[in-house]
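Chemist:
Residue numbers (this note's numbering): 6 to 428.
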């Protein structure tokens with residue numbers, strides 16, 4: 006995953022354009038069944054319209070001595086995303102009106118966009134801007150070699166059929182330039198999870214895995230498939246900011262008590278050292294679209310450091326040193342555990358009245374001793390006590406304070422001796 010991220014990092018992505026296509030093609034090379042779709046500019050999608058396509062080949066600011074003081078080819082964050090083309094000479098006082106920097110982070114280049122209003126601009130460090138301000142009358146050659154014209158919005162979709170058509174959704178975005186955690190960690194973890202799902206030939210559910218430009222991409226995707234998804238989707242996650250080693254962050258669905266919420270919280274509780282919970286009021290990514298009124302999909306979000314709450318967010322400091330192979334793998338492992346539990350989750354019902362006699366089935370010690378039968382026996386007895394057909398595996402596990410994965414061998418043994426049935 007980290008190598009994939011290194012390969013993808015230099016690409017200049019936006020909500021449309023060749024950077025998105027290049028990224029999707031890279032992912033398709035890893036999961037060949039991925040289908041890439043192109044939606045024409047001007048297409049209506051609910052209250053939105055697919056914008057003109059933006060592509061950029063170069064941008065720079067050159068001073069009177071011929072020195073490039075801002076160079077897109079050195080860092081693609083230095084141009085405001087979706088900047089319209091410009092090629093002119095101007096004094097710094099005029100150029101300064103089109104510069105963006107962060108006074109409280111003087112060494113960081115900010116990430117700035119203007120998708121839906123025509124504008125152009127450059128992003129610089131605050132230190133660089135302060136040096137330039139010493140020469141208000143100096144002239145500069147300003148050029149942004151970009152195109153804004155009718156084209157397409159691109160997204161990728163992978164449908165992995167299961168035994169039934171009920172679906173699990175995994176969604177990640179592919180619309181930011183060179184930022185590691187905020188942009189690339191989600192797609193690479195999602196790609197690795199897709200590879201894992203494809204290897205599981207015994208999967209029960211169908212998986213819908215999508216790579217979309219944030220907001221407009223999710224809106225467009227839902228405008229095409231929301232009725233089908235509303236009938237089929239039982240759970241799912243938006244995955245982003247998963248590459249650092251900070252505390253995990255759970256952002257609730259709008260309804261807060263979906264299967265996705267319950268399984269993710271349960272897994273974080275038992276499989277991580279520390280995590281933070283956020284309500285839907287603190288949302289920030291495509292959970293906004295998937296959970297919107299009328300769509301109402303059971304989707305919540307998993308991150309490590311939450312977007313907007315780490316200092317590197319939306320700056321050039323979000324680089325390959327901010328993320329790590331360990332951060333990526335640990336995040337992958339958490340989501341994989343969630344998917345495993347979803348595959349096994351169901352309601353269980355014990356088939357006899359009163360407490361079953363476990364000893365005659367070699368499930369309970371024949372000698373009654375002070376220490377009892379140990380934790381595993383206790384877990385089995387507690388599992389049986391709540392296996393009434395009205396509680397699913399996650400509810401029982403939460404009730405008896407045991408990780409659901411530890412109850413699966415117990416359920417399997419009880420099914421084997423015909424004491425338990427799935428309902």
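All residues carry an ideal CB built from backbone N, CA and C; glycine is no exception.
Can we say the segment 273-290 touches the segment 224-232, given the rule of at least three CB pairs closer than 8 Å?
Modeler: No, because fewer than three Cβ pairs between the segment 273-290 and the segment 224-232 fall closer than 8 Å, the two stretches do not touch.
Chemist: Please confirm whether residue 64 and residue 84 have their CB atoms less than 7 Å apart.
Modeler: In contact: residue 64 and residue 84 (Cβ atoms closer than 7 Å).
Chemist: Restricting to Cα atoms, I'd like to know which of 128, 161, 350 is closest to residue 27.
Modeler: Ranking the options by Cα distance to residue 27, first place goes to 161.
Chemist: Once DSSP output is grouped into helix, strand and coil, what is the label at residue 372?
Modeler: The predicted model places residue 372 with a pLDDT of 40, which falls under 50 and marks its position as unreliable; any figure quoted below should be read in that light. Note: residue 372 maps to coil in three-state DSSP.
Chemist: Three-state secondary structure (DSSP) at residue 254?
Modeler: Here residue 254 sits in strand by DSSP.
Chemist: State yes or no: is the C-beta of residue 246 within less than 7 Å of the C-beta of residue 308?
Modeler: Yes, the Cβ-Cβ distance between residue 246 and residue 308 is below 7 Å.
Chemist: Does the structure place the segment 197-204 close enough to the segment 249-257 that three or more beta carbon pairs sit under 8 Å?
Modeler: Taking 8 Å as the limit for Cβ pairs, the verdict is that the segment 197-204 does not touch the segment 249-257.
Chemist: If you draw a straight line from the alpha carbon of residue 267 to that of residue 34, how long is it in whole angstroms?
Modeler: Distance between the alpha carbons of residue 267 and residue 34: 34 Å.
Chemist: Is the CB-CB distance between residue 38 and residue 198 below 7 Å?
Modeler: It is not a contact, given that the beta carbons lie outside the stated cut-off.
Chemist: Taking only the alpha-carbon atoms, compute the straight-line gap between residue 73 and residue 332 and give it to the nearest angstrom.
Modeler: Rounded to whole angstroms, residue 73 to residue 332 spans 37 Å at the Cα level.
Chemist: What did DSSP end up calling residue 14 once you bin it into helix, strand or coil?
Modeler: The answer is coil: DSSP assigns residue 14 none of H, G, I, E or B.
Chemist: Where do the ends of the beta strand (DSSP E) carrying residue 184 lie?
Modeler: Run containing residue 184: none; DSSP gives neither H nor E here.
Chemist: By DSSP's criteria, residue 66 is part of a beta bridge. Which residues make up the other side?
Modeler: Paired residues: 75, 147.
Chemist: At the level of alpha carbons, what is the spacing between residue 32 and residue 173?
Modeler: Using only the alpha carbons, I get a separation of about 20 Å.
Chemist: Just to confirm, are residue 402 and residue 409 a CB contact at a threshold of 7 Å?
Modeler: Yes, Cβ-Cβ distance for residue 402 and residue 409 is below 7 Å.
Chemist: Could you compute how far the alpha carbon of residue 223 sits from the alpha carbon of residue 50?
Modeler: Going by the C-alpha atoms only, they are around 10 Å apart.
Chemist: To the nearest angstrom, how far is it from the Cα of residue 368 to the Cα of residue 348?
Modeler: Approximately 26 Å between the Cα atoms of the pair.
Chemist: For residue 213, count neighbouring C-beta atoms within 10 Å of its own C-beta (all shown protein chains included) and say buried if the count is 16 or more, exposed if not.
Modeler: By the 10 Å Cβ count, residue 213 comes out buried.
Chemist: Short check: CB of residue 87 to CB of residue 116, under 7 Å?
Modeler: Not in contact: residue 87 and residue 116 (Cβ atoms no closer than 7 Å).
Chemist: In terms of residue numbering, what span does the alpha helix (DSSP H) encompassing residue 197 cover?
Modeler: Where residue 197 is concerned, the enclosing alpha helix (DSSP H) stretches over 190-204.
Chemist: Per the contact definition of three or more C-beta pairs closer than 8 Å, is the segment 320-329 in contact with the segment 7-19?
Modeler: Touching, per the Cβ criterion.
Chemist: Using a Cβ-Cβ cut-off of 6 Å (strictly less than) and excluding sequence neighbours within five positions of residue 76, which residues of its own chain qualify?
Modeler: Here the set comprises 65.
Chemist: Note the first and the last residue of the continuous alpha helix (DSSP H) segment covering residue 266.
Modeler: Where residue 266 is concerned, the enclosing alpha helix (DSSP H) stretches over 264-276.
Chemist: Quick one: is residue 263 buried, meaning 16 or more other Cβ sit within 10 Å of its Cβ, or exposed?
Modeler: Buried.
Chemist: Quick test of the definition: if touching needs 3 or more C-beta pairs under 8 Å, does the segment 233-241 touch the segment 167-183?
Modeler: Because the criterion of three Cβ pairs below 8 Å is met, the segment 233-241 and the segment 167-183 touch.
Chemist: Indicate whether residue 355 and residue 413 have their beta-carbon atoms separated by less than 7 Å.
Modeler: Not a contact, by the Cβ cut-off of 7 Å.
Chemist: Cβ of residue 54 versus every heavy atom of the ligand NAP: is any distance shorter than 6 Å?
Modeler: Only the bare structure without any ligand can be found here, which leaves the ligand NAP out of the picture.
Chemist: Mapping the DSSP letters down to three states, classify residue 179 as helix, strand or coil.
Modeler: Looking at residue 179 - three-state DSSP - the assignment turns out to be coil, as it is neither helix nor strand.
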